[in-house]
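Colleague: Note that the protein sequences, when read in sequence, are chains A and B.
Per this note's numbering, the very first residue in the first sequence carries number 1; after that it's consecutive.
Per this note's numbering, the very first residue in the second sequence carries number 114; after that it's consecutive.
Think of the CB as a built atom: it goes at the ideal place given N, C-alpha and C, for glycine as much as any other residue.
Submitted below is the structure of interest, expressed as structure tokens.
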Amino acid sequence: MSGDNHGAMRLVDHPTLGPRRPATEVSFSFDGQPIRGRAGEPLIAALLAAGLRVLRTMPRTGEPRGGFCLVGRCADCLVMVDGVPNVLACQQPVQPDARVETQRGLGAWDRDG
Amino acid sequence: MTPRIAVVGGGPAGLSAATAAARAGARVSLYDEGAALGGQLTYRIAAVEDDGRAPVSARHLRSRLVEEASRAGVDAYSAAVVWGIFAGNRLAVRVDGRALTVDADAVILATGSLDRASAFPGGSLPGVFTARAIQVLLHVHRVRPGRRFAVIGEGPEAGEVASDLLLAGGEIVARIPPDMPDLRVAGEGGVERIEAGGRVIAVDIVVVAAGRQPDPALALMAECRAGYSETLGGFVPRLDARMDTSVPGLFVAGDAAGVCGCTTAIADGRYAGVCAAAAVGVLDDAQLEGARLRWIASVGERVRALGAVPDHHMQVDRVLA
């Protein structure tokens with residue numbers, strides 16, 4: 001069974017690439033829930049590894065979206081970071097103590113950028 | 114002043130173009146949006162053909178191309194997004210949180226390709242990713258986003274991503290042709306099952322591997338003449354025999370000129386680098402002719418395909434005006 005995280009896991013080792021590079025742990029929060037990331041990786045890597053797939057909801061339909069291209073083109077993975085909307089979770093590196101939230105619709109600024 | 118050539122894209126074509134132009138004597142800077150140089154070589158692990166020689170690992174080829182560029186004196190920037198191209202071959206670049214413009218005597222676009230989309234019900238649910246997204250997750254970020262995968266597509270990309278998933282301990286629970294009429298993906302808040310051919314299969318992740326298409330965004334922004342070519346994978350700039358577009362000093366090479374794969378992208382890149390160097394006056398015509406013959410000898414079919422792009426110039430500027 002896949003369990004709560006949809007069978008997601010971090011690949012500590014890989015038959016072709018070998019062991020992954022060492023990285024310091026970075027803690028941040030997603031909708032208030034503590035998440036552990038690895039320094040240098042984008043938000044979406046840490047979120048998917050934790051089994052979290054819904055990153056935003058659409059402005060009109062409210063349908064969920066969760067990333068599609070992973071290379072900064074599709075805008076499926078927009079999240080709010082520290083009160084700033086429209087941040088690409090596939091491009092934004094994890095930062096210690098960042099407050100990351102699901103972006104509802106267009107999101108809202110809760111501070112001046 | 115030494116003429117300046119700017120290269121956009123640091124994959125096989127861009128790195129090869131930059132190296133060739135720098136060796137010819139131009140001052141070359143290269144901009145790549147990725148965290149590391151290498152383009153497709155940063156996230157693919159399948160063996161790639163190395164210029165007609167024995168296949169090598171993508172990782173090995175990447176280090177070689179990056180090292181050659183560096184030895185040739187190329188000024189290469191990663192995490193540098195070229196978001197605009199303006200009259201007179203002026204590039205708008207965002208790098209290190211700063212915005213700058215770069216003026217070059219010639220620009221070589223080696224922006225590569227994008228995943229082709231495939232539309233089906235449920236295709237926008239969280240848990241549906243492109244083949245390249247999966248390769249980036251598995252091989253760059255070292256995250257396998259699920260355990261049970263369905264792969265939609267029949268081409269080489271589908272086979273490659275399926276084998277990547279198996280290597281990473283994933284399970285391929287369905288391989289589905291792209292145009293299956295009753296294909297549907299469903300789930301609450303994300304992918305849970307895929308329905309196709311009268312069967313319902315529980316999955317964690319659906320991978321869309323519908324092939325690749327050239328990324329012509331900057332070439333079109335520069336308003337060069339372009340056309341649609343099925344052979345080349347989509348909308349591509351029209352090139353003449355010197356890899357240049359209808360815009361003076363603007364060259365295109367690799368997948369951006371028509372999806373071609375790694376070996377051809379390298380051959381394209383080398384030739385485009387030499388052509389750009391000749392255009393800015395650091396190479397003479399005899400040297401250019403030698404490079405042209407080598408390019409034709411290594412990728413003859415490619416040369417014919419590039420020469421056969423129909424003209425469907427859209428004249429976007431006129432429409433907007």
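I want to verify the contact list: residues of chain B whose CB lies under 9 angstroms from the CB of E63/A, in sequence order.
Modeller: Translated into the one-based positions of the first sequence, residue 63/A becomes position 63. By Cβ distance, chain B contributes S237 and L238.
Colleague: Below 7 angstroms between beta carbons is the criterion; list the residues of the segment 170 to 185 of chain B that meet it against any residue of chain A, in chain order.
Modeller: Within the segment 170 to 185 of chain B, no residue qualifies.
Colleague: Roughly how many angstroms lie between the CA atoms of R60/A and F242/B, to the nearest whole one?
Modeller: Residue mapping note: residue 60/A aligns to position 60 of the first sequence, counting from 1. Residue mapping note: residue 242/B aligns to position 129 of the second sequence, counting from 1. Straight-line Cα distance between these residues: approximately 23 angstroms.
Colleague: In whole angstroms, what is the alpha-carbon distance linking R312/B and V264/B?
Modeller: As a working mapping, residue 312/B is identified with position 199 in the second sequence. As a working mapping, residue 264/B is identified with position 151 in the second sequence. Each residue's Cα considered, the two are about 15 angstroms apart.
Colleague: Does any C-beta atom of chain A lie closer than 8 angstroms to the C-beta of P168/B?
Modeller: Here residue 168/B is taken as the residue at index 55 of the second sequence, counted from 1. Chain A contact via Cβ: absent.
Colleague: Is the Cβ of R20/A closer than 8 angstroms to any Cβ of chain B?
Modeller: For the purposes of this step, residue 20/A is taken as the residue at position 20 of the first sequence. It does; some Cβ of chain B falls within 8 angstroms.
Colleague: When you measure from the CB of C388/B to every non-hydrogen atom of the ligand HEM, does any distance come out below 7 angstroms?
Modeller: Questions concerning the ligand HEM fall outside what the structure shown contains, since it holds no ligand whatsoever.
Colleague: Examine the Cβ distances between the segment 318 to 336 of chain B and the segment 226 to 240 of chain B and report whether three or more of them are shorter than 8 angstroms.
Modeller: Enough Cβ pairs lie closer than 8 angstroms, so yes.
Colleague: Could you give the DSSP three-state label for D216/B: helix, strand or coil?
Modeller: Counting from one through the second sequence, the residue named residue 216/B turns up at place 103. Correct three-state label for D216/B: strand.
Colleague: Compute the Euclidean distance between the alpha carbons of Q153/B and F30/A, then round it to the nearest angstrom.
Modeller: Stepping through the second sequence from its first residue, residue 153/B is reached at position 40. Stepping through the first sequence from its first residue, residue 30/A is reached at position 30. Their backbone Cα atoms lie some 31 angstroms apart in a straight line.
Colleague: Answer with yes or no whether the minimum CB distance from L250/B to chain A is below 8 angstroms.
Modeller: By one-based count along the second sequence, residue 250/B stands at place 137. So yes, L250/B belongs to the interface.
Colleague: T243/B touches chain A at which residues, Cβ-Cβ below 9 angstroms?
Modeller: As a first step, residue 243/B must be located in the second sequence, where it is residue number 130. Per Cβ cutoff of 9 angstroms: F68, C69, L70, V71 and C74.
Colleague: Using the Cα positions of L251/B and A98/A, report the straight-line distance between them to the nearest angstrom.
Modeller: By 1-based counting over the second sequence, the position of residue 251/B is 138. By 1-based counting over the first sequence, the position of residue 98/A is 98. The straight-line gap from Cα to Cα measures roughly 24 angstroms.
Colleague: Given this structure, state the Cα-to-Cα distance separating L406/B from G272/B, to the nearest angstrom.
Modeller: Looking up residue 406/B in the second sequence gives position 293. Looking up residue 272/B in the second sequence gives position 159. Approximately 34 angstroms, taken between the alpha carbons.
Colleague: Mind listing, in chain order, the continuous alpha helix (DSSP H) runs of no fewer than 4 residues lying wholly within the segment 229 to 258 of chain B?
Modeller: Those alpha helix (DSSP H) runs which fall completely within the segment 229 to 258 of chain B and span 4+ residues are 244 to 248.
Colleague: In chain order, what residues of the segment 273 to 302 of chain B put their CB closer than 7 angstroms to some CB of chain A?
Modeller: Those would be L280, A281 and G302, in chain order.
Colleague: Please decide whether R36/A counts as near chain B, where near means a Cβ-Cβ distance under 8 angstroms.
Modeller: The count along the first sequence starts at 1 and reaches residue 36/A at position 36. False, the Cβ-Cβ gap to chain B never drops below 8 angstroms.
Colleague: Would you kindly report the start and end of the unbroken beta strand (DSSP E) that includes M80/A?
Modeller: The count along the first sequence starts at 1 and reaches residue 80/A at position 80. From DSSP, the beta strand (DSSP E) with M80/A extends over L78 to V81.
Colleague: Across which residues does DSSP place V195/B in a beta bridge pair?
Modeller: Reading the second sequence from its first residue, position 82 is the one you call residue 195/B. Paired residues: V206/B.
Colleague: Could you give the first and the last residue of the continuous alpha helix (DSSP H) run that contains V179/B?
Modeller: If you number the second sequence from 1, residue 179/B lands on position 66. Note, V179/B: alpha helix (DSSP H), A171 to R184.
Colleague: Just to confirm before moving on: does the CB-CB distance between A369/B and A223/B stay below 8 angstroms?
Modeller: Here residue 369/B refers to the residue found at position 256 of the second sequence. Here residue 223/B refers to the residue found at position 110 of the second sequence. It is a contact, given that the beta carbons lie within the stated cut-off.
Colleague: Using the three-state DSSP reduction, which class does D317/B fall into: helix, strand or coil?
Modeller: As a position in the second sequence, residue 317/B is number 204, starting the count at 1. Coil, per DSSP.
Colleague: Pick out the complete beta strand (DSSP E) segments inside the segment 323 to 359 of chain B, 3 residues or longer, and give them in chain order.
Modeller: Those beta strand (DSSP E) runs which fall completely within the segment 323 to 359 of chain B and span 3+ residues are 325 to 327, 339 to 342 and 347 to 350.
Colleague: Counting contacts by CB-CB distance shorter than 8 angstroms, is L106/A in contact with chain B?
Modeller: In the first sequence, the residue the question calls residue 106/A occupies position 106. Not one chain B Cβ lies under 8 angstroms of L106/A.
Colleague: For G107/A, which of helix, strand or coil comes out of DSSP?
Modeller: Residue numbering aside, residue 107/A sits at position 107 when the first sequence is read from its first letter. Three-state DSSP puts G107/A in coil, outside helix and strand.
Colleague: Would the segment 390 to 399 of chain B and the segment 340 to 353 of chain B be scored as touching if the rule is three or more Cβ pairs under 8 angstroms?
Modeller: No contact exists between the segment 390 to 399 of chain B and the segment 340 to 353 of chain B.
Colleague: Kindly indicate which three-state DSSP category E414/B falls into: helix, strand or coil?
Modeller: Along the second sequence, one-based indexing puts residue 414/B at 301. Looking at E414/B - three-state DSSP - the assignment turns out to be helix.
Colleague: For S129/B, which residues in the same chain have their Cβ closer than 7 angstroms to its Cβ, ignoring the five residues on either side in sequence?
Modeller: Taking the first residue of the second sequence as 1, we reach residue 129/B at position 16. Taken in chain order, the residues that qualify are L178, I379, G382, R383 and G386.
Colleague: If you follow the alpha helix (DSSP H) that E270/B is in, where does it begin and where does it stop?
Modeller: The count along the second sequence starts at 1 and reaches residue 270/B at position 157. Counting along the chain, the alpha helix (DSSP H) containing E270/B begins and ends at P269 to L280.
Colleague: For a contact meaning CB atoms closer than 7 angstroms, what does D228/B contact in chain A?
Modeller: Counting from one through the second sequence, the residue named residue 228/B turns up at place 115. Within 7 angstroms Cβ-Cβ: C69.
Colleague: Give the C-beta separation of R184/B and T155/B to the nearest angstrom, bearing in mind that I take them to be a contact with Cβ-Cβ under 8 angstroms.
Modeller: One-based indexing of the second sequence puts residue 184/B at position 71. One-based indexing of the second sequence puts residue 155/B at position 42. About 20 angstroms separates the two Cβ atoms, so there is no contact after all.
Colleague: In the segment 206 to 235 of chain B, which residues sit with their C-beta less than 8 angstroms from some C-beta in chain A, listed in chain order?
Modeller: Listed by position along the chain: L227 and D228.
Colleague: Count the other CB atoms within 10 Å of the CB of H425/B; is the residue buried (16 or more) or exposed (fewer)?
Modeller: By 1-based counting over the second sequence, the position of residue 425/B is 312. Exposed, since its Cβ has fewer than 16 Cβ neighbours within 10 Å.
Colleague: Please state if the CB of A299/B and the CB of L204/B are separated by a distance shorter than 8 angstroms.
Modeller: As a position in the second sequence, residue 204/B is number 91, starting the count at 1. As a position in the second sequence, residue 299/B is number 186, starting the count at 1. Their beta carbons are not under 8 angstroms apart, which means L204/B does not touch A299/B by this criterion.
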